[in-house]
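Here you go:
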């Protein structure tokens with residue numbers, strides 16, 4: 035945190051010195067104001083963190099506990115909870131007996147309790163905390179209980195039979211606190227994309243580009259290409275394990291139910307399409323007829339609009355239940371009240387092809403986009419093919435995960451996602467390179483070489499992905515210092 039603000043102060047000082055020594059290169063630019071707003075948001079988020087530390091310090095002072103440096107550092111500064119007692123209590127009444135073997139399905143008893151008497155507390159705690167015994171040599175019964183076949187009401191009845199007071203250590207977090215935590219986490223991640231937008235606007239102002247008649251085309255290429263660039267890097271971060279706590283790293287969410295990553299992708303696509311539909315007429319006078327290029331771009335925006343809406347509908351559990359109502363209505367009334375319907379294994383993960391379809395069709399369409407010069411056509415074909423390649427690889431990811439849905443909370447890291455993320459980020463960068471001013475400047479200086487543009491984009495993408503590995507890895511390292519260590523074993 036301190037190093038961040040040291041660099042921020044140095045940046046502000048350098049910016050002020052630069053403005054004093056050079057004339058205003060871009061009249062009416064808001065780059066500086068947006069930068070200060072970005073710093074203000076960073077200070078606000080830091081203040082929230084400091085207030086949390088201050089609250090813990092006040093609580094510790096009022097408690098009158100003896101000062102222990104290590105305990106103070108862990109619980110007050112780092113905010114680590116001392117949950118050793120809670121873990122012991124949580125495992126106190128779990129199964130102590132060996133799991134039974136799979137038997138043919140039979141109607142379960144009305145009541146079935148799986149914890150034994152309290153006199154076996156020591157044996158139970160020893161069994162639950164012995165991680166080495168949790169290997170693949172257990173029977174399939176425990177695996178079914180863990181991953182849940184819905185037709186087996188065995189574990190459901192067991193859960194209802196357990197006394198709620200035995201598991202009262204986990205308190206429900208208030209709604210306002212959950213909303214605040216979600217807003218805080220979202221704003222933290224918004225800082226990254228906002229900073230990237232500041233870099234683009236800073237380069238534009240420094241070079242003096244995007245002026246007069248070029249401004250609309252420049253904004254379109256930088257905004258859309260920047261979105262694909264960020265989309266590719268975020269997809270690569272998901273491959274590495276980011277957002278695994280939400281189940282977005284091609285894994286199963288450790289706890290709770292969250293909107294799927296495909297729902298979020300569809301929401302972003304929908305918002306992009308519904309806003310970009312009307313932005314394509316920027317610069318046109320009232321009453322002007324629609325040009326061919328405007329119709330092309332508006333058609334793509336409408337595709338984003340409704341394909342995103344379709345993707346969100348598919349991800350909705352309510353819509354899924356509506357679509358399955360005809361099947362449920364075919365059951366006899368007596369069976370409806372007695373049986374629970376088993377969900378197919380594919381319901382574990384999300385297999386929504388519409389985000390990939392939208393990006394793939396966009397790439398294929400832009401590969402055939404008419405341009406004034408051949409070099410511009412070649413650049414558009416380049417990044418259009420890269421976007422189409424990502425679409426194909428994402429569909430391959432869904433194919434392999436359909437055959438074997440994720441069963442672990444750890445990131446599964448499908449290799450097709452690593453390749454696809456690279457193509458998507460590189461395609462977004464080439465999209466930004468295809469700005470009319472850049473291509474015309476390249477042709478004037480004899481730099482109209484597609485291979486040169488591609489190699490520069492590949493090099494920058496590789497550098498950005500290495501930086502992503504460093505950031506995600508460093509975050510994981512910091513979390514490993516706070517969270518308790520676990521033992522991993524092979525599931526093969």
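Numbering (the working numbering), first residue to last: 35 to 526. Just so you know, even glycine gets a beta-carbon here, dropped at the ideal spot from N, CA and C. Quick caveat, the model's predicted, so the values are computed rather than measured.
Taking the CB atoms as reference points, tell me whether residue i and residue j lie closer together than 9 Å.
i: residue 283; j: residue 446; result: yes
i: residue 278; j: residue 285; result: yes
i: residue 349; j: residue 293; result: yes
i: residue 252; j: residue 244; result: yes
i: residue 425; j: residue 397; result: yes
i: residue 238; j: residue 52; result: no
i: residue 295; j: residue 360; result: no
i: residue 464; j: residue 487; result: yes
i: residue 413; j: residue 467; result: yes
i: residue 234; j: residue 256; result: yes
i: residue 260; j: residue 301; result: no
i: residue 420; j: residue 228; result: no
i: residue 304; j: residue 79; result: no
i: residue 68; j: residue 232; result: yes
i: residue 334; j: residue 324; result: no
Do you know offhand how far residue i's Cα is from residue j's?
i: residue 321; j: residue 312; result: 15 Å
i: residue 435; j: residue 50; result: 53 Å
i: residue 242; j: residue 471; result: 11 Å
i: residue 249; j: residue 392; result: 26 Å
i: residue 46; j: residue 401; result: 42 Å
i: residue 95; j: residue 84; result: 16 Å
i: residue 503; j: residue 307; result: 31 Å
i: residue 440; j: residue 281; result: 10 Å
i: residue 340; j: residue 38; result: 41 Å
i: residue 117; j: residue 517; result: Because the pLDDT of residue 117 is 46, which lies under 50, any placement of that residue in the model is unreliable, and the question is left without a value.
i: residue 262; j: residue 345; result: 18 Å
i: residue 199; j: residue 493; result: Confidence is the limiting factor: at residue 199 the pLDDT is only 39, short of 50, which leaves the residue's position unreliable and the question unanswerable from this model.
i: residue 168; j: residue 429; result: Interpretation of residue 168 is limited by its pLDDT of 41, a score under 50 that renders its predicted location unreliable; no figure is taken from the coordinates.
i: residue 287; j: residue 382; result: 10 Å
i: residue 482; j: residue 476; result: 5 Å
i: residue 328; j: residue 403; result: 12 Å
i: residue 438; j: residue 273; result: 17 Å
i: residue 423; j: residue 267; result: 16 Å
i: residue 81; j: residue 63; result: 29 Å
Evaluate residue i with the Cβ neighbour count: other Cβ atoms within 10 Å of its Cβ, from every protein chain shown; 16 or more gives buried, anything less gives exposed.
i: residue 432; result: buried
i: residue 120; result: The predicted position of residue 120 is uncertain, since its pLDDT is 40 and thus under 50; no value can be drawn from it.
i: residue 35; result: exposed
i: residue 416; result: buried
i: residue 362; result: exposed
i: residue 56; result: exposed
i: residue 489; result: exposed
i: residue 356; result: exposed
i: residue 520; result: exposed
i: residue 137; result: Residue confidence for residue 137 is low, a pLDDT of 44 falling below 50, so the modelled location carries little weight; the figure read from the coordinates is stated next. Result: exposed.
i: residue 270; result: buried
i: residue 459; result: buried
i: residue 473; result: buried
i: residue 365; result: exposed
i: residue 58; result: exposed
i: residue 297; result: buried
Item to complete: With a floor of 4 residues, list each alpha helix (DSSP H) that falls wholly inside the region 222-288, ordered by position along the chain.
Response: 249-274
Practice prompt. Note down, one range per segment and in chain order, each alpha helix (DSSP H) of at least 4 residues found wholly within the region 382-409.
Written response: 388-401
Fill in: beta strand (DSSP E) segments (min. 3 residues) lying fully within the region 405-491
none
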